Amino acid sequence: MLKVRENRAALNRKIEASRVIVGVVFAVLATSYWYTQIVRGDYYFTQSENNRIRSVRINAPRGYVLDRNGKILVDNEPAYTLYLYRREARNLPSSIDLASLVLKVPRDQIKARVERGLRDPEFLPITIGENLGIDEVAAIEAHAFEHPEFAITVSQRRLYTRGPAAAHVLGYLSEASLDQIKSAENGYKLGDWIGQKGIEGAYEGLLAGVNGERRVIVDSHGREMAEERRVEARPGQNLFVTLDLGLQEIAEEYFKDKVGSAVAIDPRTGEILTLVSSPAYDPNWFTRRVSAKEWGELLGDSNHPLQNRAIQNMFSPGSTFKVFLAYGALAQGLVNPEETVFCPGYATYYGRTFHCHKKGGHGVVNLRNAIKYSCDTYFYALGHKLGIDGIAKIARSFGFGSPTGVDLPYEKSGLVPSEAWAIEKRKARWYPSETISVAIGQGPVLVTPLQQVRALAGLLEDGKLPTPHLFLASQEPHSGKRLRYKSETHPGLEIDPAKLAIIKNGMWAVLNEPGGTAYGSRIPGGEGGGKTGTTQVIGKETTIRAGADRKKLQDHAWFVGFAPIENPEIVVCIFVENGGHGNLAAAPLAKLLFAKKFGRPLDMPESPRQQRASAPVAPEKPAAVPAGRIATAGAPR
Amino acid sequence: MIGRVSAVPRRLDLVILGCTVSLALVGILFVASTTATGRLSGLATRQAIWVGIGFAGLLVAVLFDYRMLLKFSFPLYCFTLVPLVYLLFFGQRIQGVRSWIRYGGFQFQPAELTKIATALLVAYLFESEDDGRLRLSAFVKIGAIVGIPFLLVFLQPDLGLALTFLPLLAIGLFFGGLPLKGWIAIVLVVAVCAGGAWFFLKDYQKQRISTFFNPDQDVLKSGYQVRQSKIAVGSGGFSGKGFRSGTQSQLRFLPTPHTDFIFASIAEEWGFLGVILVLGLFATLVLRALTLAGVARDRGGVFLILGLAGVIFFSVTVNASMMIGLLPTTGIPLPLVSYGGTAVATTLFSIGLILGVHYRRFANA
């Protein structure tokens, strides 16, 4: 026993040494923990708080959009999103199988989504599917026990209840672009929806509301354990728009197989009752995430369905322009309403022959009948007298050449040519012969349908150009407090009622007198007046020879009108691209709108085509003697 | 061979026993804290049962004469290697590792028993080596004795468990009297091997090796674990967030808070005080074991205590360092405290062996 102990002296020295090693190691450990917990304790405590407390946004419900009678146009519906928490997944392939089965999405696609998600930190859920239907939600919930890894959240999705109806008025939602995120004040984040174009774009601030916030305690899976603080969201305002759904639907139906646009406003206030741009798109596409293919189709469509033709398409106004020139000239005293011009079917200016649309000529016409028959010869003479700058002055006083100020983004302002414009933009002198074309609304003068209704409303409403608008009122969803739009007008020409009456009479005759260019579109009871127009498609003959689509080379059809004659309540402008003549392509919609607006029956004794054939061509009050300079100007060679 | 039971309490070392009981209780408490809810609830009861089994084992180890075990250590050692070989070929991977034998609802890690058998065999080897200088034959023997199970476990691949065999080798060499030249040679060989590997292996090969041993632990993930563990420890501060109130542990930001990272849970909920308590208990246990080694009756007993205490010391150090990022995450649990039936029971058994050596420190016992 003793011997054993003596032999172990060396061993015992080493044991003593190792006591020191053990002591030092434990001291180092204790010091390290002291440093981590005491010295750096506050830092790590903040970190742990950041871990466990997460700020979750409460999305403010977006306001509804309703028509002027309270019919809902834009609603919200629940949308479900399926997430996968990878830590909970016991068997990832079987999770993928289930998701693929329920969502009816190929397995590979689901797998790709999962694999993309695997790159993110583990506690972040992987988005498997969006916009799930309620049946799909039920199918996933039924497997909740075997598949605890799936989580479903509900959010609000925008629903355009009537699909493509009034699409260009309403606009659509899409994910906020980087520029919008940078510029907007409401704190948009990547992936947030934001209103684009239309009402959604123009009134984003009102509709979006103010998001709330919840501070929640979460576990490492991001699952909520408790709520610490809550600031409720302020829902967006409900928005009443000026549209009359009844009229809108008639116009949509009319344009189903046509390309073009129609606008109807209340001339007294500028409220837009109808705004159609055709072809349209379904704004619901965007909220369901358009695929690249669908986007391509939408953008590649030669008819540009995304464009709002009522405010973005500029065309020559054709004969509808004559109304404004006629009043302008009359107001300036340049013409006497009873002065007549003889129309042999053509006139010659600057050595060039200008044809009237009626080959045989209208004979002797005064101002009223020149409007009724849309006699080109008469207006050639008028234009010659006014000169291009005179025309431009009149056109500008009716608001042409400048935007209407409508509450829709991306409005075009059209073009009113003048001598100064020619020199500045074309770097060439204005050719006086062009003036003759502009006098009948052809050539470089360009207008939008919305400018047309504003101009006509201004003429009818004592020269006050109303600002067209869609905003009628907004309503606080909780308090019901309403905010109404205050109508505004721009001063234009001062209107002489006696002179206006002559123009109105001519426009009445267009619709209601046999021989008027839109006689076929009159409504029983004789309400309303209007003016047809036709815009020539430039370079027609050459392109036909080149073998282009014949349909695309037809003239564009215009119609502007109002009703009733005294104290008008509605002004319309209808534009049908490649529709042919305004009488046949555009005016019938005005008739439908007027009839609906005033509750008139539509039954007509004859169809427009028969009517045209039987309409008497001769003016009812032929003037015997051509008189004045106008007559000489329009005289046959 | 079996002593009188009535004499047991007087001759048992109460310091070690007290530390052991305290640590096992802390373990049960924190397994309960970290597994109170969810899929893992009920683990505390299991842990308590294993602790009970372990204490029974401890008593058996005290009463059974360790000299008998030393005598039969070679067959025991060989016997415990069999399941390791079996696992390599037929083992079922659980979390990527073939280290568990499953029977019904019962799981067992045979390598833990191998560790005790290896400690016994190392001790038996040094019982007859008494000239204070390690001979080459002994050097080779101890290398093989520790190397074989190390390699078998390493291939499972359970790096953490394999590493816990290494203190047996280190202790054998240190206390067996490896001369300075030997240590220098070992350092050189290791350096050359590591350096050679560094230069000759291509990047993708290094990548493959690391993914082989850590199949589902990418760099980002282990970085996340260490980060969360440091936050848990640091946010505990001086006195902790309170039992069962640790946000990192309870909300599961802390990975495996009931097994490998249980010490971070303790640090979070009991703060620096809890850390000092646990580290203090371990330090007392290890230092006391060294004292007992000094008064052991024979060299076999000395080396048995040194080996077993060394394994505990090594595990505690590596585990506690892992929590605050001083050492890389290797999957070594905290002895006696971390959840794990086999580990707790075998650790208690090995403490029983330490106590048993002390129990029989007198020649006539």
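Here the protein sequences line up with chains A and B, keeping their order. For the first sequence, our numbering assigns the number 82 to the initial residue and increments by one for each residue that follows. For the second sequence, our numbering assigns the number 2 to the initial residue and increments by one for each residue that follows. Ideal placement from N, C-alpha and C gives every residue a C-beta, glycine not left out. Keep in mind it's a predicted model, so treat the numbers as computed, not measured.
Q. With 8 Å set as the bound, which would you pick, yes or no: does the beta-carbon of B:S236 sit closer than that to a beta-carbon of chain A?
A. yes
**Q.** Per DSSP, the bridge partner or partners of A:Y253
**A.** A:Q277
Q. Apart from the five residues on each side of it in sequence, which residues of its chain come closer than 7 Å, Cβ to Cβ, to A:L527?
A. M395, F396, S397, G495 and L496
Q. So, using beta-carbon positions, are B:A294 and A:I96 closer together than 8 Å?
A. yes
Q: Would you mind reading off the limits of the alpha helix (DSSP H) that contains B:L327?
A: Careful: B:L327 lies outside any alpha helix (DSSP H) and carries neither H nor E.
Q) Along chain A, which residues have their Cβ under 8 Å away from the Cβ of B:I325? A) S113, Y114 and T117
Q) Three-state secondary structure (DSSP) at A:V322? A) strand
(Q) Do A:T570 and A:K545 have their beta-carbon atoms positioned less than 8 Å apart in this structure? (A) yes
Q: Consider the Cβ of A:R94: report whether some Cβ of chain B lies at a distance smaller than 8 Å.
A: no
Q | Nearest neighbour of A:A90, chosen from B:V303, B:L153, B:F350 and B:G342 [CA to CA] | A | B:V303
Q) Does the distance from the C-beta atom of B:F239 to that of A:Q118 stay below 8 Å? A) yes
(Q) Can you list, in chain order, the residues of its chain with a C-beta nearer than 7 Å to that of A:Q692? Leave out the 5 residues immediately preceding and following it. (A) Its pLDDT being 41, under 50, A:Q692 is placed unreliably by the model, and nothing is read from it.
Q | the stretch 307-322 of chain A in contact with the stretch 285-297 of chain A per 3-pair CB rule at 8 Å | A | yes
Q: Using a Cβ-Cβ cut-off of 8 Å, state whether A:R133 counts as contacting chain B.
A: yes
Q: Taking only the alpha-carbon atoms, compute the straight-line gap between B:G178 and B:G161 and give it to the nearest angstrom.
A: 27 Å
Q: May I ask you to list, following chain order, the residues of the stretch 246-257 of chain B that have a beta carbon less than 7 Å from some beta carbon of chain A?
A: T248, Q249, L252, R253 and F254
Q: Could you list which residues in chain B have their beta carbon closer than 8 Å to that of A:F126, in chain order?
A: G235, S236 and G238
Q.
Can you pull out the residues from the stretch 53-75 of chain B whose beta carbon lies closer than 9 Å to at least one beta carbon of chain C?
A. No chain C appears in this structure, whose protein chains are A and B.
Q: Quick one: list the residues of chain A neighbouring B:K231, beta-carbon separation under 8 Å, in chain order.
A: T117 and Y125
Q. If we cut at 8 Å on Cβ distances, does B:A171 have a partner in chain A?
A. no
Q. Quick one: which chain B residues come within Cβ less than 9 Å of A:V299?
A. L252
Q) Using 8 Å as the limit for Cβ to Cβ distance, is A:S129 near chain B? A) yes
Q.
Against B:V287, what residues of chain A qualify as contacts under a CB-to-CB distance less than 7 Å, listed in chain order?
A. V103
Q: Round the Cβ separation of B:I263 and B:G275 to the nearest angstrom and send it over; I've been treating them as touching at under 8 Å.
A: Not confirmed; about 11 Å, so no contact.
Q. Where are the alpha helix (DSSP H) runs, 4 residues long or more, that stay fully inside the stretch 295-356 of chain A, in chain order?
A. 326-335
Q. Are the C-beta of B:F273 and some C-beta of chain A separated by less than 8 Å?
A. yes
Q. Would you call A:A657 buried or exposed, if buried means 16 or more other Cβ atoms sit within 10 Å of its Cβ?
A. Rather than Ala, the amino acid found at residue 657 of chain A in this sequence is Val. A:V657 comes out buried.
Q.
I'd like to know if the stretch 592-599 of chain A and the stretch 448-467 of chain A are in contact, where contact means that at least 3 CB-CB pairs between them fall below 8 Å.
A. yes
Q.
Could you tell me the alpha carbon to alpha carbon distance between A:P316 and A:P513, rounded to whole angstroms?
A. 59 Å
Q) Does any CB atom of chain A fall closer than 8 Å to the CB of B:H276? A) For clarity, residue 276 of chain B is Val in the given sequence; the question names His instead. B:V276 counts as touching chain A.
Q. Does the separation of the CB atoms of B:L286 and B:L121 fall below 8 Å?
A. no
Q: Spell out the partners DSSP gives A:G642 in its beta bridges.
A: A:G611 and A:V653
Q: Output, in chain order, the set of chain A residues within a Cβ distance shorter than 9 Å of B:L280.
A: F107, L110, A111 and Y114
Q) When the Cα atoms are used, what is the spatial distance from B:G342 to B:A112? A) 13 Å
Q. Nearest-angstrom Cα distance between A:R565 and A:F552?
A. 8 Å
Q.
Any C-beta of chain A within less than 8 Å: which residues of the stretch 311-343 of chain B qualify?
A. F314, T318, A321, S322, I325 and L327
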